[in-house]
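Protein chains in written order, with the working numbering: chain C, 37 to 383; chain W, 8 to 306.
Right under this line is the structure:
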């Protein structure tokens with residue numbers, strides 16, 4: 037127990053003070069009580085903002101801590117979503133079909149990422165090649181899924197559906213209990229918290245420190261005796277599984293998925309969440325993912341055509357003026373203010 | 008069936024798809040090779056060239072002139088982009104990638120809002136002729152020719168002009184170049200602008216063969232980036248030429264036998280296998296080979 041607390045409160049993320057943890061607890065309490073205060077529609081919207089967080093966390097882990105940038109993590113999001121749709125759709129009579137779908141979806145994401153990661157990390161390619169190849173992979177996936185209209189693209193009883201997408205994907209259920217509406221909201225909240233705390237433990241662990249060391253200096257880390265290729269590969273697969281987790285929740289939330297979920301516009305989003313929040317902090321990315329999803333969803337729900345222009349411009353502004361991320365830089369400013377006031381003698 | 012028409016047809020397909028890869032990647036490789044920056048707004052710069060060409064052709068300008076206009080409009084865009092944004096990201100490769108992606112989102116969405124979802128396309132100049140059972144398009148043959156001329160032109164630019172000399176000096180050792188009186192910031196602006204202009208030129212040249220839409224740049228993104236990754240950054244012009252030829256040699260037979268999509272998938276696998284064997288791309292492998300041969304001959 038003590039090691040767990042030690043790992044969570046280690047130095048690899050922002051927010052370590054008592055005040056922070058009290059605030060964190062209050063916010064979680066508010067999220068737990070939220071469904072009792074509002075309509076089912078709003079709860080479903082907030083579920084959507086929450087379910088994207090694992091994807092954002094995967095980006096933060098890979099890019100911020102690992103120093104490897106992927107533009108194609110929506111590919112793993114889409115693979116998990118489609119595989120869940122195929123497996124759970126074919127086992128709709130079985131009460132444990134969705135669970136099998138979840139397992140198959142995550143395995144499929146990990147499998148594709150594993151093969152892809154083997155080629156790029158074991159070839160020790162230059163830094164700029166990985167983002168480009170990941171982007172190409174997701175574009176190809178979109179093209180492939182787009183041409184799967186028609187009855188020849190039927191797997192069991194499920195149609196892939198081309199650009200119309202796959203519809204009628206079942207809810208998640210465990211035995212007789214179906215997660216929909218309020219229970220789905222709590223499922224999302226649970227998954228997000230579980231991902232956040234386990235990643236926070238991971239980045240504070242020995243493994244996490246080696247990952248950061250690889251980001252800082254590959255050669256030096258290797259000379260200290262670490263196999264950097266294997267560690268980068270593990271981080272890549274892990275972040276792909278996190279993206280897959282978001283994909284699973286997404287199809288369970290909306291019961292459908294279309295190829296544009298793995299297209300160029302969607303591929304930009306996780307990168308933007310991570311950059312705006314600040315890639316070197318998991319918590320910052322959680323905050324920015326939630327907020328940006330809220331903003332884009334609200335804007336586009338109002339029929340605002342400028343949503344993507346605003347988001348793209350936000351990315352450019354962040355990269356120009358807040359290179360370490362808006363949330364991280366605000367947090368640092370707050371932290372400095374606090375230290376100056378409470379402990380002026382400290383350097 | 009005669010063998011000669013079939014061979015000619017294969018050769019034609021090979022040459023046209025090599026020309027397509029080369030044109031799609033051209034602007035990207037100039038910027039990557041000289042400045043070590045991947046410009047993810049490349050597709051949108053091609054889109055700007057294509058839009059310029061399309062709008063001016065519809066306004067009555069002859070096609071060849073509108074292609075040149077496409078070059079200059081995209082080059083002007085590139086210069087502004089470099090001065091305002093890209094300038095701050097030298098030496099930060101991943102930062103440059105991300106910021107140019109933001110730019111591409113804004114440009115693509117902005118075009119959608121400003122010009123609507125598509126423009127009426129322009130028809131392919133020139134006719135076609137047939138030989139045996141196959142028919143060939145004049146315009147694609149012209150594109151092959153233009154690609155060859157562009158290769159020669161770039162060679163001339165980088166080996167026979169003052170700009171080329173200063174650009175190469177800046178690339179090899181910016182500090183030394185500065186102390187010898189080269190204004191390196193201006194070289195960077197010119198190079199980025201040249202790369203953007205070449206992207207616009209390619210976009211304008213390919214405009215008659217594709218649908219003119221705000222996100223038309225996306226279809227060039229995958230082939231352009233695969234070409235660049237396979238070619239590598241050691242000598243980008245040689246790399247781009249060699250990898251265009253190689254990728255066309257992969258795509259032509261597979262695309263013919265199994266359809267266009269399988270051809271594109273084969274490209275990704277070819278790229279993955281090639282970088283597994285030659286992590287720095289074809290150009291680095293070629294360079295190493297020639298250096299070794301030259302060394303052997305000297306001994």
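Glycine residues also receive a C-beta, built at the ideal position from the N, C-alpha and C atoms.
C-beta contact flag for residue i and residue j at 8 Å
i	j	result
residue 103 (chain W)	residue 207 (chain W)	no
residue 27 (chain W)	residue 247 (chain W)	no
residue 355 (chain C)	residue 106 (chain W)	yes
residue 86 (chain W)	residue 196 (chain W)	yes
residue 367 (chain C)	residue 239 (chain C)	no
residue 108 (chain C)	residue 303 (chain C)	yes
residue 102 (chain C)	residue 245 (chain C)	no
residue 271 (chain W)	residue 229 (chain W)	yes
residue 138 (chain C)	residue 298 (chain C)	no
residue 115 (chain W)	residue 221 (chain W)	yes
residue 22 (chain W)	residue 227 (chain W)	no
residue 146 (chain C)	residue 345 (chain C)	no
residue 233 (chain W)	residue 274 (chain W)	yes
residue 165 (chain C)	residue 36 (chain W)	no
Where residue i falls: helix, strand or coil (DSSP)
i	result
residue 344 (chain C)	helix
residue 162 (chain C)	coil
residue 234 (chain C)	helix
residue 83 (chain C)	helix
residue 205 (chain C)	coil
residue 143 (chain W)	strand
residue 16 (chain W)	helix
residue 241 (chain C)	coil
residue 215 (chain C)	strand
residue 122 (chain W)	helix
residue 366 (chain C)	helix
residue 381 (chain C)	In this prediction, residue 381 (chain C) has a pLDDT of 43, which is less than 50 and means its spatial position is unreliable; what the coordinates show is noted afterwards. Coil.
residue 135 (chain W)	strand
residue 191 (chain C)	strand
residue 210 (chain C)	strand
residue 58 (chain C)	helix
residue 50 (chain C)	coil
residue 129 (chain W)	coil
residue 293 (chain C)	strand
residue 45 (chain W)	coil
residue 92 (chain W)	coil
8 Å Cβ cutoff, residue i in contact with chain C
i	result
residue 312 (chain W)	Here chain W covers residues 8 to 306 and nothing more, so residue 312 (chain W) does not appear.
residue 294 (chain W)	no
residue 261 (chain W)	no
residue 278 (chain W)	yes
residue 306 (chain W)	Because residue 306 (chain W) carries a pLDDT of 43, less than 50, the predicted location of this residue cannot be relied on, and the following value inherits that uncertainty. No, because no Cβ of chain C sits closer than 8 Å to the Cβ of residue 306 (chain W).
residue 185 (chain W)	no
residue 238 (chain W)	no
residue 27 (chain W)	no
residue 21 (chain W)	no
residue 94 (chain W)	no
residue 210 (chain W)	no
residue 75 (chain W)	no
residue 38 (chain W)	no
residue 102 (chain W)	yes
Within-8 Å CB hit, residue i to chain W
i	result
residue 348 (chain C)	yes
residue 359 (chain C)	yes
residue 95 (chain C)	no
residue 255 (chain C)	no
residue 196 (chain C)	no
residue 123 (chain C)	no
residue 320 (chain C)	no
residue 307 (chain C)	yes
residue 355 (chain C)	yes
residue 352 (chain C)	yes
residue 105 (chain C)	yes
Expected contact under 8 Å - CB spacing of residue i and residue j to nearest Å
i	j	result
residue 178 (chain C)	residue 295 (chain C)	5 Å
residue 251 (chain C)	residue 314 (chain C)	In fact, because the Cβ distance is near 15 Å, the residues do not count as touching under 8 Å.
residue 385 (chain C)	residue 169 (chain C)	The shown model of chain C, from 37 to 383, leaves out residue 385 (chain C), and the question about it has no answer.
residue 231 (chain C)	residue 278 (chain C)	6 Å
residue 384 (chain C)	residue 117 (chain C)	The first residue shown for chain C is 37 and the last is 383, placing residue 384 (chain C) beyond what the model contains.
residue 351 (chain C)	residue 312 (chain C)	7 Å
Under 7 Å from the C-beta of residue i: neighbouring residues of chain B
i	result
residue 98 (chain C)	The question asks about chain B, but that chain is absent: this structure's protein chains are C and W.
Any C-beta of chain W within less than 8 Å: which residues of the segment 156-187 of chain C qualify?
156, 158, 159, 160, 161, 162, 163, 164, 165, 167, 168, 169, 171, 172, 173, 175, 176, 179, 180, 183
Residues of the segment 109-121 of chain W in Cβ contact with chain C at a cutoff of 7 Å, in chain order, please.
109, 110, 112, 113, 116, 117, 120
If you measure beta-carbon to beta-carbon, which residues of the segment 323-346 of chain C are closer than 8 Å to chain W?
341, 342, 344, 345
With 8 Å as the limit, tell me which residues of the segment 284-309 of chain C have their beta carbon closer than that to any beta carbon of chain W; keep them in chain order.
300, 301, 304, 307, 308
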